[in-house]
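J.: Before anything else, here's the structure in question.
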Amino acid sequence: MDNVIFSSWNSKIVDNRKGKTSKASKLVDIAFPKPPEEEKPLALIGWNGLVVMDPDADIISLTMNYLKEARKLSCGECSVCRIGIDRLLDIFGKMAEGDGSGKDLSEVQQIIRGVSVNSKCNFGRSVLFPVLDAIKYYRSDFLALIKGEKKLEAKEYSYAVTAPCMEACPASLDIPGYIELIRNSRFEESLNLIREKCILPGVVGRVCPHPCEDACVRQDIDEPLSIRLLKRAVADYDLQEGGSPLTGSVEEKEKKVAIIGSGPAGLAAAYNLRLMGYKVTIFETLPRAGGMATVGIPDYRLPKDILNHEIDLIKRMGVEIKLNTKVEKLNLKDLQKRGYQAVFLAIGAHVGTKIGAEGEDKGYEGFVDGVEFLRDLNLGKKVKPQKKVVVVGGGNTALDCARSCVRIGFDDVGIIYRRSRAEMPASDEEIEEAEKEGVKFNYLMTPVKILEKDGKVTGVECIKMRLGVHDESGRRRPIPIKGSEFTMDTVMVLPAIGQRPDLPAMIGKDKVEVTDWGTIKADPVRFKTNIEGVFAGGDCVTGPAILIEAMDMGNKVARSIDYYLWGEVLKREISFEGVNTREQKEQGFIAEKAAEKVDLLDVDKRSEGFAEVESGYGVSEAMREAQRCLRCYRLMVWEKAG
Amino acid sequence: MVNIIIDGRKIKAKEGSTILENAEELNIEIPTLCHHKELSPFSACRLCTVEVKTNGKWKMTTSCDTAVDQGMEIRTDSDKVREGRRLSAQLLYYKYPTTAVVRDIARKLGVEVSEDAKAESHDCILCGLCVRACREIVDAGALTFQDRGLGRDIDEPSIEFDPKLCIGCGSCAYVCPTGYVKMESFENKRIIWDKVFKMAACKVCGRYFAPQEQLEYIGKKTGVPLDKLYTCVNCR
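If you're matching them up, the sequences are chains A and B in order. 259 is the number that the numbering used here gives to position 259 of the first sequence; each next residue is one higher, with no gaps. 1052 is the number that the numbering used here gives to position 52 of the second sequence; each next residue is one higher, with no gaps.
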């Protein structure tokens, strides 16, 4: 940003005020948070510093508003943070009323240092530091206030809150917030808070690969919080208590929205639009609702009753789901004629990507697309166990295929992956469990030819690979080793290296613009396609992504459709992109405490069927685990241009 | 056992024991307001702060909830520790200037306590002792902290009482350090958190000795027939 007058962000002082340039740098090359598109901030104060863009910004009011928001975010559990912020507000309030004295600023400093070293959580330890910057670098303003030479003006402020885990979560769930409620045994409220952004808590609590945990600050001390299991505990508790309905009153609107696809993206959009009062119909090709959550994830990871319960709650809000509705019969113009003012394409990515092996398109018996295999299985098709199966791929779909085959009773289940274990996109837990279940992993090879006899698969010819330099995905590129071909006997091959949306079947004659990768083109803020009134999101836009990512796009599309139906345009929200939310100056000492563990189903029992492998936390385990949260809330407040 | 050093004294400490427990055994006085040895630590009052050496640097932590570790070095009486405790006490005193237990501890930790005001109120200082006693000892869970998450705007956190779950045992009143939790006893009734409990009379001596709901709760938890429970301890 070139118009910065002053910045202390990340402890780097930039001071472009007149006569103050001697020691400080003139340029800001640090990423600090970007307030929403339409709000031109005059100044911002956040956990990591103070940034002033306009000479007219009122730093005192900004600081006081920051403290007011901080007070709301203080959990109140430890006295120093809660009372300390109160005391600071009291001191500044007195100054503003003309009752201040010269000593006040040193008391402010003393309190801030005391709160920062002695607070229970990372919020208290980090939140007050920028106030020190304000009174240090804008001291003359505060002194003028004390002397009565300056009056505070009424300005407008906005605030934003994040945390390292929230930044990592595609849906920016208020993770410290719902954990705090668990810790205080307020499971019901915790569930409500989760549901604000995650309408499938029991599902996500089971299948999410939890990027939040990878960002958890606690791992620097011992191990990350088991955030996923905490979310699951809240959903499980609710189900045990009889299952609460979704809350929120619906103010009916006349307008109708059509959603194509009942996967996580479609469901999330449907729920949010319904909550806003729109009449929502979901059109689903398959005989069951849930999209990939129902046909892509096997029961041992996600029992169907959990998903069905959560879908049922959405239906009870008044969302209509039309199953077995082939979308090729629906034409977008037709939908519009039937009164749907907006259409959301959330058709997912249900077609397997080609693996590039000779014979893969010949329709040999025993060569089945991995996603199709899982879909059939999940829709109740009986699969006869075979002697051997080879799954091609290293993602969660490949693992789901392999682990399902173990449960069906295949004698020999193997995975071949072209890179090494370190590059495998599947989560570590999945890989470990598959290994325990006897799945054989063959790394650094790829199939080049499907071998057959009389139209039936008899084996696969592979070539060995080595790893070259890093490619654009950040992983080392696999390179075939010439002359290293060999054959592997098998009666079944399940390719599972990626998926794309089934566009021709779903969009009919209307030309929705697509990308080179075969996904639907939609803009990243408003999710609009090239056709007026038609939005797209979820896997059909991103390609196969994690469930919560698709679900969150559903949330965002709902907002964008709402804006659209009001004739307004949704603007970019606040962005913390590139901002380091993990670091903080004062760490304190935190004793090691390992995460609560859960039981897993005995490996011997897993081949007997599709029983859920992982158990969840009970109430007391969840409350104990929640105690480990360091509550790394990061607050930011900015003054808006008047 | 692990070897630790507290204020320069080398001692052997039980694995998993807290700094506070070890300090108490050495007769090192550490002030606390929210601690009770029968309850899980809460580290809310921030008065039991000590310093622990980690990676060559001294860092503050609360002694009530920090377990000792092999080779841990602890200072309980450094300038920084004293200043940290004093600030915690000063803030508590600022918030609850007329609550006796707060005034006493503030005075002890070097805060100037005005004698103009009297120790006349019984404020809830959110130490959480009642909440923990109700959950951990009684297992009733009638008391919970009212909390905030993002976007929830409670000015003051407070303690919520669920009359449906309360059995009238009075544990909360017993552990409350300020007298905020009041229990009033009359011959045949007891009032606690504004809920009125009927007292049960002993079948033998006729003395009112416990709330009926508490006896029913004990019966349910232990399987002892209610009939037996309606005899007071003296007459059993």
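The beta carbon of each residue, even a glycine, is placed where N, CA and C say it ideally should be. None of the values given here were measured: they were computed from a predicted structure.
Helix, strand or coil: how does DSSP classify Y1208 of chain B here?
T.: The answer is strand: DSSP assigns Y1208 of chain B an E or B state.
J.: Can you list the residues of chain A that N1001 of chain B reaches, using a CB-CB cut of under 9 Å?
T.: Asn is not the amino acid found at residue 1001 of chain B; the sequence shown has Met there. Within 9 Å Cβ-Cβ: nothing; M1001 of chain B doesn't reach chain A, min ~18 Å.
J.: Hey, is S1114 of chain B's beta-carbon within less than 7 Å of any beta-carbon in chain A?
T.: No, S1114 of chain B does not count as interfacial toward chain A.
J.: What does DSSP give as the partner residues of F344 of chain A in its beta bridges?
T.: Answer is A:I259 and A:F535, bridged to F344 of chain A.
J.: Quick check on D1147 of chain B - is its C-beta less than 7 Å from some C-beta in chain A?
T.: Yes, contact with chain A.
J.: Any beta carbon from chain B within less than 7 Å of C629 of chain A's own beta carbon?
T.: By this cut-off, C629 of chain A is not an interface position.
J.: Determine, using beta-carbon pairs with one atom in the stretch 447 to 460 of chain A and one in the stretch 491 to 500 of chain A, whether at least three such pairs fall under 8 Å.
T.: Contact between the stretch 447 to 460 of chain A and the stretch 491 to 500 of chain A is present, because at least three Cβ pairs lie under 8 Å.
J.: Mapping DSSP to helix, strand and coil, what is P480 of chain A?
T.: Strand.
J.: Please list, in chain order, all residues of the same chain as S22 of chain A whose beta carbon is under 8 Å from its beta carbon, the five residues on each side excluded.
T.: Confidence in S22 of chain A is poor, its pLDDT being 49 and thus under 50, which makes the residue's placement too unreliable to answer from.
J.: Which residue spans inside the stretch 124 to 175 of chain A form an unbroken alpha helix (DSSP H) run of at least 4?
T.: Fully enclosed alpha helix (DSSP H) runs of 4 or longer: 129 to 137, 139 to 146 and 164 to 168.
J.: Considering only DSSP beta bridges, list what I45 of chain A is partnered with.
T.: In the DSSP output, where bridge partners are listed per residue, I45 of chain A has A:L50 and A:V637.
J.: Since C1045 of chain B meets chain A, which of its residues come closer than 7 Å, beta carbon to beta carbon?
T.: Per Cβ cutoff of 7 Å: S79.
J.: Which partner residues does N442 of chain A have in the DSSP bridge list?
T.: Answer is A:I416.
J.: Here's a check: name, in chain order, each residue in its chain whose Cβ is nearer than 7 Å to the Cβ of C1064 of chain B, leaving out the five neighbours to either side.
T.: So the qualifying residues of the chain are T1018, L1020, T1032, H1035, P1041, S1043 and C1048.
J.: I'd like to know if N272 of chain A contacts chain B, where contact means its C-beta is closer than 7 Å to some C-beta of that chain.
T.: For N272 of chain A, the answer is no, since every Cβ of chain B falls outside 7 Å of its Cβ.
J.: With DSSP as the reference, identify every bridge partner of E1051 of chain B, one or two as the case may be.
T.: B:M1060 and B:R1075, per the DSSP bridge assignment.
J.: Express the C-alpha separation of F6 of chain A and Y137 of chain A in angstroms, rounding to a whole number.
T.: Rounded to the nearest angstrom, the two C-alpha atoms are 9 Å apart.
J.: Between the C-alpha atoms of Q1090 of chain B and R631 of chain A, what's the straight-line distance to the nearest angstrom?
T.: Each residue's Cα considered, the two are about 25 Å apart.
J.: Skipping 5 residues on each side, what residues in its chain have a beta carbon closer than 6 Å to that of A289 of chain A?
T.: Contacts found: S262, I311 and I321.
J.: Select from B:I1137, B:A1100, B:I1105 and B:E1184 the residue whose C-alpha is nearest the C-alpha of R1082 of chain B.
T.: The candidate whose alpha carbon is nearest that of R1082 of chain B is B:I1105.
J.: Any beta carbon from chain B within less than 7 Å of N442 of chain A's own beta carbon?
T.: Output row for N442 of chain A: interface = no.
J.: Per DSSP, what kind of secondary structure is Q219 of chain A in: helix, strand or coil?
T.: Q219 of chain A: helix per DSSP, three-state reduction.
J.: Helix, strand or coil: how does DSSP classify T1018 of chain B here?
T.: T1018 of chain B: strand per DSSP, three-state reduction.
J.: Could you tell me the alpha carbon to alpha carbon distance between S79 of chain A and C1045 of chain B, rounded to whole angstroms?
T.: Each residue's Cα considered, the two are about 5 Å apart.
J.: Quick one: grab the DSSP three-state call for A70 of chain A.
T.: The answer is helix: DSSP assigns A70 of chain A an H, G or I state.
J.: Is D552 of chain A near the ligand MN, going by C-beta to nearest heavy atom under 6 Å?
T.: By its list of ligands, the structure shown contains no ligand whatsoever, and the ligand MN lies outside what it can speak to.
J.: Alpha carbons only, please: which of A:G474, A:G318 and A:Y237 is nearest the one belonging to Y278 of chain A?
T.: The candidate whose alpha carbon is nearest that of Y278 of chain A is A:G318.
J.: What is the rounded straight-line gap between the Cα of D214 of chain A and the Cα of D222 of chain A?
T.: Distance between the alpha carbons of D214 of chain A and D222 of chain A: 13 Å.
J.: Within the stretch 312 to 339 of chain A, note down every full alpha helix (DSSP H) run reaching 4 residues or more, in order along the chain.
T.: For the stretch 312 to 339 of chain A, whole alpha helix (DSSP H) runs of length 4 or above, ordered along the chain, are 332 to 337.
J.: When we look at the beta-carbon of L332 of chain A and count the other beta-carbons within 10 Å, is it buried (16 or more) or exposed?
T.: So L332 of chain A ends up on the buried side.
J.: Could you check what DSSP says for F576 of chain A in three-state terms: helix, strand or coil?
T.: Coil.
J.: In whole angstroms, what separates the C-alpha of D1123 of chain B from that of D602 of chain A?
T.: Looking at the two C-alpha atoms, the distance is approximately 53 Å.
J.: Using a Cβ cut-off of 8 Å, which residues of the stretch 1026 to 1039 of chain B contact any Cβ in chain A, in chain order?
T.: Those would be none; no residue qualifies.
J.: If we count the other Cβ atoms within 10 Å of its Cβ and call it buried at 16 or more, is L1143 of chain B buried or exposed?
T.: When all chains shown are included, L1143 of chain B counts as buried.
J.: Rounded C-beta distance between L451 of chain A and T397 of chain A? I'm assuming under 8 Å.
T.: So it is not a contact: roughly 23 Å between Cβ atoms.
J.: At a Cβ threshold of 7 Å, is S22 of chain A touching chain B?
T.: Its pLDDT being 49, under 50, S22 of chain A is placed unreliably in this model, and the value from its coordinates should be taken loosely. It does not; no Cβ of chain B falls within 7 Å.
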